[in-house]
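Going down the list, the sequences are from chains Y and E.
882 is the number of the first residue of the first sequence in the numbering used here; add one for each residue after it.
15 is the number of the first residue of the second sequence in the numbering used here; add one for each residue after it.
Where a beta carbon is used, it is the ideal one built from N, C-alpha and C, also for glycine.
Note that the structure is predicted; figures quoted are calculated from it, not measured.
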Amino acid sequence: MWEYTDKVKEHFLNPRNAGEVEDANAVGEVGSMACGDALKLTLKVTDEGTIEDAKFQTFGCASAIASASALTELLKGKSLKEAEKVTNQEIADYLGGLPKEKMHCSVLGHQALEAALSNYKGEAPKEQEGEIVCECFGVTDVEIEKAIRENSLSSVEEVTNYTKAGGGCETCHDTIRELIAKVRDEEAPAKRPKLSNIRKIKMIEETLEREIRPSLQQDGGDIELIDVIGNRVLVATRGACAVCKASELTLTHLVEKTLREMVWPELVVEEVTE
Amino acid sequence: MKTIYMDNNATTQVATEVLEAMLPFLTDRYGNPSSAYLFGGQVARNIRDAREQTAAILGAFPEEIIFTSCGSESDNTAIMSALNTGKDKMHIVTSRVEHPAVKVLCNELTKQGYRVTEIPVDKEGRLDMDRYKESLTPDTAIVSLMWANNETGVIFPVERAAQMARDRGILFHTDAVQAVGKIPIDLQNSAIDMLSISGHKLHAPKGIGVLYVRKGTKFSPFLIGGHQERGRRGGTENTASIIALGKACELAANRMEEENTKVKALRDKLERELLRQIPNSRVNGGGSERLPNTTNISFESIEGESILLLMDEFGICASSGSACTSGSLQPSHVLRAMGVPFTMAHGSVRFSLSVYNTEDEVDFVIDKIPPIIARLRELSPFWRQEGQVC
Chain Y
882 MWEYTDKVKE HFLNPRNAGE VEDANAVGEV GSMACGDALK LTLKVTDEGT
932 IEDAKFQTFG CASAIASASA LTELLKGKSL KEAEKVTNQE IADYLGGLPK
982 EKMHCSVLGH QALEAALSNY KGEAPKEQEG EIVCECFGVT DVEIEKAIRE
1032 NSLSSVEEVT NYTKAGGGCE TCHDTIRELI AKVRDEEAPA KRPKLSNIRK
1082 IKMIEETLER EIRPSLQQDG GDIELIDVIG NRVLVATRGA CAVCKASELT
1132 LTHLVEKTLR EMVWPELVVE EVTE
Chain E
15 MKTIYMDNNA TTQVATEVLE AMLPFLTDRY GNPSSAYLFG GQVARNIRDA
65 REQTAAILGA FPEEIIFTSC GSESDNTAIM SALNTGKDKM HIVTSRVEHP
115 AVKVLCNELT KQGYRVTEIP VDKEGRLDMD RYKESLTPDT AIVSLMWANN
165 ETGVIFPVER AAQMARDRGI LFHTDAVQAV GKIPIDLQNS AIDMLSISGH
215 KLHAPKGIGV LYVRKGTKFS PFLIGGHQER GRRGGTENTA SIIALGKACE
265 LAANRMEEEN TKVKALRDKL ERELLRQIPN SRVNGGGSER LPNTTNISFE
315 SIEGESILLL MDEFGICASS GSACTSGSLQ PSHVLRAMGV PFTMAHGSVR
365 FSLSVYNTED EVDFVIDKIP PIIARLRELS PFWRQEGQVC
C-alpha cells in the first residue's frame, strides 16, 4: 500500500473542481488508457488573461486524482503568466509530497497544464517532439531529458518514477542512462568553478605543503613540484622517498587522492626522474 | 469499522482451531524434536502427526512431505532440484501466468543459459495444450505449471499435463498454493512429481510451506544443513507452524465441500449482482473452470487502486491487477497474457472469499461497490454518461 499524505487522501476522497468547464477556452488532454493514467484539464480564461475556472477529469490512481485536484486549485485565480511558471514539484508540494514512485502523477498534471496553455494560444496540439525512447509508455527523449533537467534526476529508477519511461520491458534502460549522462555533461561545465593555471599551481603547492609534506618528512622523505601541464602534475621525490620502493604507491594513492580532493578532480600525478 | 475481508488469495485468517493447536508449541512445549530426551522427542511425534495430516489432504505418503518456509521456497526448491539432477537438460516449460516465485526464477535462469518456454493462455485464461505438447522436448528438465491461478482462479488441467510430461520422461511440478483445500487432490493417482503448498493461504500462519516430492524422484536439497526432513531441507523444524499446518490441512479437507457449496454460492451471488448492477463490467476468466472462491471483475474506464482505496473507506479488502497496485507500471501479467484490453485491465478487482465470509458481508459489498464505480467513472475522461466509452 502506498503511503499517501493526509492531503493526498483528502483530495482523492473529496476532489475539488471535478468535471468539465462548460465554456472552456483552454483544454489540455494528456496520457492514455494504455499508460494507466490520463488527465483532461479544462480552463476558462478571462479576456484579461486570468484563469477564472479550472476543472479536471482523471483516469488513474488516487495520487493522479489528487494531483489533478491540486492543480486546479493552484490555477484558479492565477494569471496566464503565473500559471506558466507552475511546476510539477509545486503540485507535489501542494499535496505535502507524493511517494517517489508516484511523481509521474504530478508530471502528468504539469503536462496537461502546458497543453491547455498552448491550446489557449491557438497553437496546434504539439507534434511529438524527439524520438520515442520507451516504447511501452510512449515517452520521448525530449520528455525524459526535460524531466532529468527540471528535477535533477540521476538514476533510471528516478526517471521511471517521474516519466514512467523504463517501467515496462526495460529494454530502454541503457538509452535512459545515456540521456542522464548527456544532461549531466551539459550542466557540468556551468557548475564547475573556474580554475586558472596559475591558481591551480598555487593550490597544488599549498596542498603539498599543508597536507602531504609533513607526513613524508616524518619518514625522512620529501616531494618537489616540478611542473603542471594541463592536468598532469609532475613531481620529484627526495630523500627516503626517492629510494623507497613504495614511493610509487605513495604518490598515486596519497598525493593524487589528496590533490584531486582539494584542487581538481581530474589531476594525474606523475613522478619524474632527474 | 468492521473489516470485510475478501482477499483470501493474498492471505487468510488463522483458524481458531489452528491457533489452539499451535500455541502449546510456542509456550511449554518448546523442545527440539531432534533431541534425545522425551521433552523433545514428544514434539517429533506431533510433527509426525502433522505430516500425516498434510499428506492426507494431498493423497500422498507422509515421507513425501517436506516442510519448508513458504510456497516460494517450495517452488524454488522444486525447479532447482530438477535442474541439478537433470543431467545436462537445459529447458524449462512453464506458463505466462505463473506466480512470481516461478516466473522470476525462470527469468533469472535464462541469464544462466537455460531455455524457458512460457506456454500462452487464451482470453479465458486457459492453457494452450497444443503449444504445451509441442514444447516438451528431450532437453526439457522440468515442467512447472500452477494448478489454479491466484489472480483469476482459473484451473489448469495439471493432471493431464503431468501425464504428458511423464510419458516423455520429464519431471512435473505444480504450484498448488491456491488449489489445496478448494479442489480435491489425489497425488497417488496422478503423474505429478512435485507440488507446492503455502500454509497461510489455508488458515495456517505465514512462514510455513510444503514441498511434496514423489517417492523415487531424484532430489537435490535447496537448503543444506542438518538431517531434518530426512536431509532434504536443513534447519530446525518450525514446530508450531508445522503443527498449525497439519491442523489447517485437516480442517481444509473437512471444509472442502463447504468451499464448493456455501463459498461458491456467495462468490456467485457477488459476481452476478455486481455484473447486473454495473454496466461495462466483466469477469476475467469467467468462461473457464475456476476456484469456487475467486472472482476477478473488470470495471471499464477506471483504475483499480482508486477502487480499492474507496472500498477501504468501508473496510472492504480486495486486490487489483492495475498497474498502480502491481508495484510496477504495467497491469498484471496474468491479465495481459489473457489479452484483457487496457480499458479493462487497469480497472480489475479480485475478490477472494473464504468460509468465514457471510451473506451479510456479500450484501454489504454488493451495496457499496456500484456507487464507488459510478463515482470514479464520473471523474474519468474516458467515461460518458450514456455508458459508452469514447
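Contacts with chain E at 9 Å (Cβ-Cβ) do not include Pro1095 of chain Y. Uninterrupted alpha helix (DSSP H) stretches at least 4 residues long and entirely within the segment 1024-1107 of chain Y occur at 1037-1044, 1054-1072, 1078-1088 and 1094-1099, given in chain order. In the DSSP secondary-structure assignment, Asn310 of chain E is bridged to E:Arg364.
Between Glu1024 of chain Y and Thr1044 of chain Y a beta carbon distance of about 6 Å is seen, short of the 8 Å cut, so the two are scored as contacting.
Annotation for Met1143 of chain Y: the continuous alpha helix (DSSP H) segment containing it runs Lys1138 to Met1143. In this structure, the straight-line span from the alpha carbon of Leu33 of chain E to that of Ile222 of chain E is close to 14 Å. If you compare the alpha carbons of Y:Leu952, Y:Ala1028 and Y:Tyr975 with that of Ile932 of chain Y, the shortest gap goes to Y:Leu952. Here Glu285 of chain E is not bridged, per DSSP, to any residue. Contact between the segment 43-59 of chain E and the segment 258-273 of chain E is absent: fewer than three C-beta pairs spanning the two stretches fall below 8 Å.
In this structure, DSSP gives Ser320 of chain E a helical state, which the three-state scheme calls helix. Leu201 of chain E has a beta carbon lying at 9 Å or more from every beta carbon in chain Y.
Here Gln344 of chain E is buried: its Cβ has 16 or more other Cβ atoms, across all protein chains shown, within 10 Å. A contact is defined here as three or more CB-CB pairs under 8 Å, and the segment 368-377 of chain E fails this definition with respect to the segment 291-302 of chain E. In terms of Cα proximity to Leu1089 of chain Y, the closest of Y:Cys1053, Y:Gly1101 and Y:Glu1137 is Y:Glu1137. DSSP, reduced to helix, strand and coil, places Thr188 of chain E within a strand of the structure shown.
Remark: C-beta atoms of Ala993 of chain Y and Lys957 of chain Y do not approach each other more closely than 9 Å. The segment 154-163 of chain E and the segment 90-105 of chain E touch, with no fewer than 3 CB-CB distances between them shorter than 8 Å.
Asp377 of chain E is not bridged by DSSP to any residue. According to the DSSP assignment, Glu1152 of chain Y belongs to the beta strand (DSSP E) that extends over Val1149 to Glu1152.
According to the DSSP assignment, Tyr1001 of chain Y belongs to the alpha helix (DSSP H) that extends over Met984 to Tyr1001. Lys921 of chain Y carries a strand assignment under DSSP once its states are collapsed to helix, strand and coil.
Neighbours of Thr357 of chain E in chain Y, taken as residues at a C-beta separation under 8 Å, are given in chain order as Met914. Taking CB atoms only, Lys888 of chain Y has no neighbour in chain E less than 9 Å away. Against chain E, the CB of Gln992 of chain Y has no partner CB under 9 Å away; the residue lies outside that interface. Fewer than three Cβ pairs drawn from the segment 182-190 of chain E and the segment 129-136 of chain E lie within less than 8 Å of each other, which leaves the two stretches out of contact. Cα atoms of Asp974 of chain Y and Ala190 of chain E: separation of roughly 46 Å, rounded to the nearest angstrom. The beta carbon of Asn1112 of chain Y sits closer than 8 Å to those of Trp1145, Glu1147, Leu1148 and Val1149, all from its chain and outside the five residues before and after it, given in chain order. Around the Cβ of Thr308 of chain E, a 10 Å sphere holds 16 or more other Cβ atoms; the residue is buried.
Bounds of the alpha helix (DSSP H) holding Val118 of chain E are Pro114 to Lys125.
In this structure the segment 275-288 of chain E does not touch the segment 242-257 of chain E; the number of beta carbon pairs closer than 8 Å is below three.
The C-beta of Gln126 of chain E has fewer than 16 other C-beta atoms within 10 Å across all chains shown, which makes the residue exposed.
The criterion of a C-beta distance shorter than 9 Å is not satisfied by Tyr226 of chain E and Leu259 of chain E. One alpha carbon belongs to Pro38 of chain E, the other to Tyr44 of chain E, and they sit about 8 Å apart. Going by DSSP, Phe53 of chain E is part of the alpha helix (DSSP H) stretching over Leu52 to Leu72.
Counting along the chain, no beta strand (DSSP E) covers His217 of chain E, and no H or E run does either. The way I'd put it, the segment 887-895 of chain Y does touch the segment 974-985 of chain Y; three or more beta-carbon pairs between them come closer than 8 Å.
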